[in-house]
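A.B. asks:
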Amino acid sequence: MAAAAGTVPFRGGLSSTDSTPAAGKTAPRLIQDLLTYDPRYEERAGRNLLTSPPPHHDPDARPVAAVPIRNCRHDLKIKPEQSASAPKDGPEPNASYKVATYCQKCRWHIDIIVDYRDNNNKNMPCGKATQDYVLHHFVFVHEVIQTLHLMGHPSPERTYNFQCSAPRCPVELRIRMHPPRFSEHELELLTNKAILRKRLDTAKQLVGDRADGHMARSVDALDYLGTYLNDSLNPQKGKSRIPVLNRKFVRTFGKDCDNILKNLGFSFEIEDEDGEPVEVWHLPKPPPAHGPLDSDDERTLIEDGQHEIIALLSAFPEAERVGVRHTFKVPQSALQTIEKTLACEDYQKKTLVGTRRATNHEEDHPYYAGLGAVGDFSDALLLFAYSRQVAVDLANSTYYFECLQDLAIGRKSDLLETQVQLLASNGQTNRKEVASAYRSLGMDPKHAHVLGDDHIIGQFKARLQDISPAAAEETRNNLRVIGNARNSEKIKLEASNAIETYEQALSWLDLVPEQADEFVETMYGIKVNDNPANREIATKAVNIIATHRKSRRLQRFLLTGTVDGGGEIDLGQAYALLQIQDRASAIDLSNLEQQVRLMIEENPGSEEKYEQAYTLIKAEQESRYSQSGFAISNKYPLESWPVGCLNIGNTCYLNSVLQFLFTIKPLRDMVLNCDDYMQDTSPEALKAKRVGRSAVTAEKVERAQQFLHELRGLFQRMITASTHSVRPEAKLAALALSKTTLAVADTTARNATEGPRLGDIEGIPVAGPMPPPEAASVTKENEFSAASLDTLVDTVMGDDAEAKDETSSTVAEIDVDEVRPMETESLSNGIDTSVPEPPSRPPPIPPRPLDIKKIEGLAEQQDAAEILNNVFDLFSCAITADKKMEDGEQWDLVKRLFFSNVTTVRLTNDTTARNSALQDTHHVFVGHRDRPLYAALDDEFSLSELESDASQNGAKTSKFEYIATASPIQIINVRRLIFEKGQATKLDSHIGLEDVLYLDRYLERTTTRSQEELQQLREKQWHLQRRLKSLESRKKVVHETEVEMDLPDAVSETATWFEDISKAEDENLIDVDEDPIPKFPNLPQQMHEKAQALKNEAKDIDEQMRKMDGQSNTVFEDCKDHPYVLHAVFMHRGSATGGHYWIYIRDFQNDVWREYNDEAVNKVDDLDKIFKQKDRATSTGLVFVKQDLVNKLTEAVCRKPEMPEPSQPQSMNGNEIEMTDVDKLPVLEGLDKEA
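Residue numbers (UniProt numbering): 1 to 1235.
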């Protein structure tokens, strides 16, 4: 016999590696959860109610029962012979106690073992004598699952280990649970009347006339067995032997109960009696009684059996127990003993509440459970529970504060409300306030757990650049709220605006260590100019940097406040001089440099001023936009590793699409040389152009060509970047994500709105570009003529009903800003040429970035297939056709690579109709169960019945599909969204992938099989699939009901309800003349049997369906003429309402799989991440490439990094900054050139 898990309670501590401490529970809460925890239904509950914290309550969601309806509400009775209870005065120090119990209803055995012994410096147990820790607050440490073997009988048990969280409390708690000693099957053998009737017939055959004339009663076997066990524990001479053919024994136990007796320790022997062999059973021989804290042994098993028999006999009606010989006392409730052992028998209760609830059927408000408390706690104990929860689980302090807030209001407690106000004044917040803080910084609170501190700080800094100083403090306070909620010192430090270290000083000035002193001076000016209140902290930052670098230049700058060179201008003057009003957006520095050259040509005498202004703006722009905010791994060589794509918003799926497109070599080559493929936009050239069977307008072509040019720029950077990641432009994202009927404002044709004067430069007023008086009328006339400019507008979203029909319900509009004419005249009449004069033509205004939120909105409104289809349409619209198909559709490179000719065959009576169409994607539905990819594809291509049309006079129509011509690249879209109960739900079932997909079964004909041969195989498979669908229909009946539980559970629950009704009637103390409720005494038992039969049927159906899937797949086992190799897998983790996308792509040339996760590109060492389901991630798209063309069509690595010169700064997003004519630009110098 294996010993129990340790006779002395564990000494694990909160540092146990088996579990990470989280929320805890006060002793009364733990007891209440223990009384409702049912291990039998833990999987259905989705969590362990005893060890795990309750889910956070959502006041706006539909109420959910805290305890599953099927769970037993335990009625625990004490087992005195196995217990070592605490004395009346309560637990004593340095002692251990055990309360051994069993449930009168479900017969599970539960032991509560408490160790009060000192543990190093932990020597002050919680309790009334301890003012600060009046109750134990237990935190789950770890679980032990093991199987003991008592008398050869396996006895599985679970042990849950807890520790009190008080700093000096030594108490450790073990809760050990194991199932009943008698299984349901064994009880069926002992008590089922039909079995007892058969047993009587067998007894008559065995003993003849000596057999009893009456069959045994259902209580007899339990009665006799209880007596036998009692005799074994208290042995007496002459009572240790039972002849098998004893007439009462043989009719009650017969031969089919032998295993029950053996499991209890009975021994079977054949003895000689008067020369005749006699079969006898000998009673168990348990060891002598031992201490309660010792290991379980055979005696424990027999004692447990006795207690269960008492519970079972007491459940029979009194009338059926007449004549029972086994006497038993009424068992004592264990609840008070447990409370005393855990030192919580008389805790302080809420005013006007005399005693705690007498039943464990009642549920407290979820906020009580959140605090690890119970509903009758006094206000002081609620505050104690709150303080302990925050102490052990600071990460969820916002939720605990919300619990306390709500309960304070509900209780109308002055004490609680005062404490809540004090906590709030000290910075404590609730979940709503934290969510609001995230939203204020442009982040979805649902994604908070995946957002890093650096990302949040980056968002905060980006907001500061776009808001007034007055709003900055509120934004900083929101960051402080987030920092407190996350317990992030880094975020809290940023929110406090405190600077103590060199790194913090650089960060506050938006600098990196490599940037020279002149950049420090420039950023100082920017910060102070933006908000004069920043002067003190900016000065401190410069001082810290000057001290760290030992820079005399910066020290001189701090003393004098100026830099050498004389006549310097500040940043605001620089923007004004170059007529740039929008300072919040990124500027194309190469365009700006060319404009400065034009200004210098027109006003040579002001060259120094213009170059000074350019240098200031360039430094500020590089500092602001050259930091990506992400730490990209540099463990892979640049020249042989693909680059990542930074996420510019919630556009992670678009990044996956872009990475996939880049690996398709012919497509990439076309994009890089797109000028050779561009469509002529003349009316004659577009007259016959058809894409998606629709005519293509010049506006569509121009918009598509803009997309192609933007994509070419990205691909070039992905090849030449000297960094590990690049940043896709917002314009590219907007073009890729917007549908053809969406109006998208052109970022290159916008002027910033007119703002206030920026001041003057040497007495010259500067206010940015202004049209002359004679141009005003031109502005008015052209105010709404955006269509004539280079815009992204495809269709005006106005009263055009046709345009609205396609887009109004699915895609949001993006406003088109007012566009001003670009031709204006000079305003410099009468101005001295010695002073810089505005040129006759104002510079092109730097592009205002697209609103990332609008781009994210576009992404959210389209699924994966829609975005890819939109990109394919853009390609076809932008490029010329290779030829024209029969229906007028354009045939081009995209069609050759991705589009298959799919034929749909419709069968109606004896009529067969065929219709062919080009498809770039095959859609498969994942369903509610895991299955291989072939099974999902079979559903799409195989025979299926269509709904009858009235025109067909009731004739049934069925259809199937096959691929007439297969493209070399096959894309499969895995549909996972379904609508249930009015809301979208994502299915997480796994699609089993294989490295090679043989397309033969879906083709019209193959190399070795004709169309007729393939059709015969299809029909054989369809026969199997019809049987599979029949099983699916039955499975749906068994699994789906209107009461949110499957049919077996519903039947079982109904049976339990009938039992409760009958029990209530039996307990009714008032006589009535007529019984209003008809009695069906056998109905509950019959329903339980039916429920078990349904459960077995459900298991059989699942097994049959698995086998059927396999058989269906083997029909085409020898069809392997057309292999396609898996090239890419689009992945998603999240729900129907949000989540994160990434992609796995195979590099055939180097035989390696890579994970492209936004800016990070890493090698996949564990291929199970791709081919098997891990975590909650699921595949949403699959790409297969024809096996003999993989090296021709795919190339994952195409890199030629262009390393910058050492003197050239470089942006981290991979966009090199052109530095032409650097020698003509003056360098900012300090007062001391030698520094």
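All residues carry an ideal CB built from backbone N, CA and C; glycine is no exception.
Tell me the residue span of the beta strand (DSSP E) that contains residue 641.
C.D. replies: In the sequence shown, the residue the question calls residue 641 occupies position 641. Looking at the DSSP string, residue 641 is not in any beta strand (DSSP E), and its letter there is neither H nor E.
A.B. asks: So, helix, strand or coil for residue 872, using DSSP?
C.D. replies: Position 872 of the sequence shown, counted from the first residue, corresponds to residue 872. If DSSP states are grouped into helix, strand and coil, residue 872 belongs with the helices.
A.B. asks: Quick one: does the C-beta of residue 242 sit closer than 7 Å to a heavy atom of the ligand PLP?
C.D. replies: As for the ligand PLP, it is missing from this structure, which has no ligand bound.
A.B. asks: Can you tell me the Cβ-Cβ gap for residue 900 and residue 963, rounded? I've got them flagged as a contact below 8 Å.
C.D. replies: Numbered from its first residue, the sequence shown carries residue 900 at position 900. Numbered from its first residue, the sequence shown carries residue 963 at position 963. Going by Cβ atoms, the distance from residue 900 to residue 963 rounds to 5 Å, so yes, they are a contact pair.
A.B. asks: Considering Cα atoms alone, identify which of 119, 130, 180, 139 is closest to residue 104.
C.D. replies: The residue you call residue 104 lines up with position 104 of the sequence shown. Ranking 119, 130, 180, 139 by Cα distance to residue 104 puts 180 first.
A.B. asks: My assumption, with CB atoms under 8 Å, is that residue 989 sits in contact with residue 928. Please give the rounded CB distance.
C.D. replies: Reading the sequence shown from its first residue, position 989 is the one you call residue 989. Reading the sequence shown from its first residue, position 928 is the one you call residue 928. That pair is a contact at about 6 Å.
A.B. asks: Following the continuous beta strand (DSSP E) through residue 1153, name the residue where it begins and the one where it ends.
C.D. replies: On the sequence shown, residue 1153 is found 1153 positions in, with the first residue counted as 1. Element bounds for residue 1153: 1152-1157.
A.B. asks: In angstroms, rounded to a whole number, what distance separates the CA positions of residue 60 and residue 232?
C.D. replies: As a position in the sequence shown, residue 60 is number 60, starting the count at 1. As a position in the sequence shown, residue 232 is number 232, starting the count at 1. Taking the straight line from one Cα to the other gives about 60 Å.
A.B. asks: Verify whether the separation of the beta carbon atoms of residue 394 and residue 487 is less than 8 Å.
C.D. replies: The residue labelled residue 394 in the question sits at position 394 within the sequence shown. The residue labelled residue 487 in the question sits at position 487 within the sequence shown. Yes, they are a contact pair.
A.B. asks: By alpha-carbon positions, which one of 94, 97, 609, 173 ends up nearest to residue 34?
C.D. replies: Against the sequence shown, residue 34 aligns to sequence position 34. The shortest Cα separation from residue 34 among 94, 97, 609, 173 belongs to 173.
A.B. asks: Can you look up residue 232 in the DSSP assignment and give me helix, strand or coil?
C.D. replies: On the sequence shown, position 232 is the one that residue 232 refers to. Helix.
A.B. asks: Applying the criterion that 16 or more other CB atoms from any shown protein chain within 10 Å of the CB defines a buried residue, is residue 1203 buried or exposed?
C.D. replies: What you label residue 1203 is simply residue 1203 of the sequence shown in a count that begins at 1. Counting Cβ neighbours within 10 Å, residue 1203 comes out exposed, since fewer than 16 surround it.
A.B. asks: For the beta strand (DSSP E) that contains residue 903, what are its first and last residues?
C.D. replies: Counted from its first residue, the sequence shown places residue 903 at position 903. First-last of the beta strand (DSSP E) with residue 903: 900-908.
A.B. asks: Taking only the alpha-carbon atoms, compute the straight-line gap between residue 895 and residue 1109 and give it to the nearest angstrom.
C.D. replies: One-based indexing of the sequence shown puts residue 895 at position 895. One-based indexing of the sequence shown puts residue 1109 at position 1109. Distance between the alpha carbons of residue 895 and residue 1109 is about 33 Å.
A.B. asks: Please confirm whether residue 1177 and residue 1127 have their CB atoms less than 8 Å apart.
C.D. replies: Translated into positions along the sequence shown, residue 1177 becomes position 1177. Translated into positions along the sequence shown, residue 1127 becomes position 1127. Not in contact: residue 1177 and residue 1127 (Cβ atoms no closer than 8 Å).
A.B. asks: So, is residue 314 buried or exposed, given that buried needs 16 or more other C-beta atoms within 10 angstroms?
C.D. replies: Walking along the sequence shown from the start, residue 314 turns up at place 314. Under this definition residue 314 is an exposed residue.
A.B. asks: Quick one: grab the DSSP three-state call for residue 321.
C.D. replies: Residue numbering aside, residue 321 sits at position 321 when the sequence shown is read from its first letter. In this structure, residue 321 counts as helix in the three-state DSSP scheme.
A.B. asks: Are the CB atoms of residue 194 and residue 204 nearer to each other than 8 Å?
C.D. replies: Walking along the sequence shown from the start, residue 194 turns up at place 194. Walking along the sequence shown from the start, residue 204 turns up at place 204. For residue 194 and residue 204, no; Cβs fall outside 8 Å.
A.B. asks: Between the beta-carbon of residue 1015 and the beta-carbon of residue 938, is there less than 8 Å?
C.D. replies: Translated into positions along the sequence shown, residue 1015 becomes position 1015. Translated into positions along the sequence shown, residue 938 becomes position 938. With respect to the 8 Å criterion, residue 1015 and residue 938 are not classified as neighbours on the basis of their beta carbons.
A.B. asks: So, under 8 Å CB-CB, residue 712 and residue 671 are touching, yes? Tell me the CB distance rounded to an integer number of Å.
C.D. replies: Translated into the one-based positions of the sequence shown, residue 712 becomes position 712. Translated into the one-based positions of the sequence shown, residue 671 becomes position 671. Their Cβ separation, rounded to whole angstroms, is 5 Å, which keeps residue 712 and residue 671 in contact under 8 Å.
A.B. asks: Under 8 Å between the Cβ atoms of residue 396 and residue 23?
C.D. replies: The residue you call residue 396 lines up with position 396 of the sequence shown. The residue you call residue 23 lines up with position 23 of the sequence shown. A contact, by the Cβ cut-off of 8 Å.
A.B. asks: Between residue 440 and residue 478, which are expected to be in contact by the criterion C-beta below 8 Å, what is the C-beta distance as a whole number of angstroms?
C.D. replies: As a position in the sequence shown, residue 440 is number 440, starting the count at 1. As a position in the sequence shown, residue 478 is number 478, starting the count at 1. Contact flag correct, Cβ pair sits at about 5 Å.
A.B. asks: Assuming the contact rule is C-beta atoms closer than 8 Å, residue 467 and residue 475 should be a hit. Round their C-beta distance to whole Å, please.
C.D. replies: Indexing the sequence shown from 1 puts residue 467 at position 467. Indexing the sequence shown from 1 puts residue 475 at position 475. Their Cβ separation, rounded to whole angstroms, is 6 Å, which keeps residue 467 and residue 475 in contact under 8 Å.
A.B. asks: Touching or not, the region 548-562 and the region 592-608, by the rule of three or more beta carbon pairs under 8 Å?
C.D. replies: no
A.B. asks: Would DSSP call residue 985 helix, strand or coil?
C.D. replies: Position 985 of the sequence shown, counted from the start, is the residue given in the question as residue 985. Correct three-state label for residue 985: strand.
A.B. asks: One question on the structure: do residue 148 and residue 110 come within less than 8 Å of each other, judged by their Cβ atoms?
C.D. replies: Numbered from 1 along the sequence shown, position 148 holds the residue referred to as residue 148. Numbered from 1 along the sequence shown, position 110 holds the residue referred to as residue 110. It is not a contact, given that the beta carbons lie outside the stated cut-off.
A.B. asks: Please state whether DSSP places residue 1147 in a helix, a strand or coil.
C.D. replies: Mapped onto the sequence shown, residue 1147 falls at position 1147. Reduced to three states, the DSSP call for residue 1147 is strand.
A.B. asks: So, residue 1047 versus residue 1083, is the Cβ gap smaller than 8 Å?
C.D. replies: Reading the sequence shown from its first residue, position 1047 is the one you call residue 1047. Reading the sequence shown from its first residue, position 1083 is the one you call residue 1083. Going by C-beta atoms, residue 1047 is not nearer than 8 Å to residue 1083.
A.B. asks: Between which two residues does the alpha helix (DSSP H) holding residue 202 run?
C.D. replies: Within the sequence shown, residue 202 is the residue found at index 202, counting from 1. Start and end: 193-207.
A.B. asks: Please state the DSSP three-state secondary structure of residue 1141.
C.D. replies: For the purposes of this step, residue 1141 is taken as residue 1141 along the sequence shown, with counting starting at 1. Three-state DSSP puts residue 1141 in a strand.
A.B. asks: According to DSSP, residue 919 sits in a beta bridge with which residue or residues?
C.D. replies: As a first step, residue 919 is located in the sequence shown; it is residue number 919 there, counting from the start. Note: residue 919 sits in a beta bridge opposite 900.
A.B. asks: With distances taken between CB atoms, is the gap from residue 349 to residue 379 smaller than 8 Å?
C.D. replies: Along the sequence shown, one-based indexing puts residue 349 at 349. Along the sequence shown, one-based indexing puts residue 379 at 379. For the 8 Å CB-CB criterion, residue 349 and residue 379 do not form a contact.
A.B. asks: Can you tell me whether residue 1203 is helix, strand or coil according to DSSP?
C.D. replies: Residue 1203 sits at position 1203 when you count from the first residue of the sequence shown. It is coil, neither helix nor strand.
A.B. asks: Is residue 421 buried or exposed, if buried means 16 or more other CB atoms sit within 10 Å of its CB?
C.D. replies: For this step, residue 421 is matched to residue 421 along the sequence shown. Under this definition residue 421 is an exposed residue.
A.B. asks: At the level of alpha carbons, what is the spacing between residue 888 and residue 526?
C.D. replies: Along the sequence shown, read from residue 1 onward, the residue named residue 888 stands at position 888. Along the sequence shown, read from residue 1 onward, the residue named residue 526 stands at position 526. Distance between the alpha carbons of residue 888 and residue 526 is about 59 Å.
A.B. asks: Using the Cα positions of residue 902 and residue 1004, report the straight-line distance between them to the nearest angstrom.
C.D. replies: Counting from one through the sequence shown, the residue named residue 902 turns up at place 902. Counting from one through the sequence shown, the residue named residue 1004 turns up at place 1004. If you take the alpha carbons of residue 902 and residue 1004, they lie about 9 Å apart.
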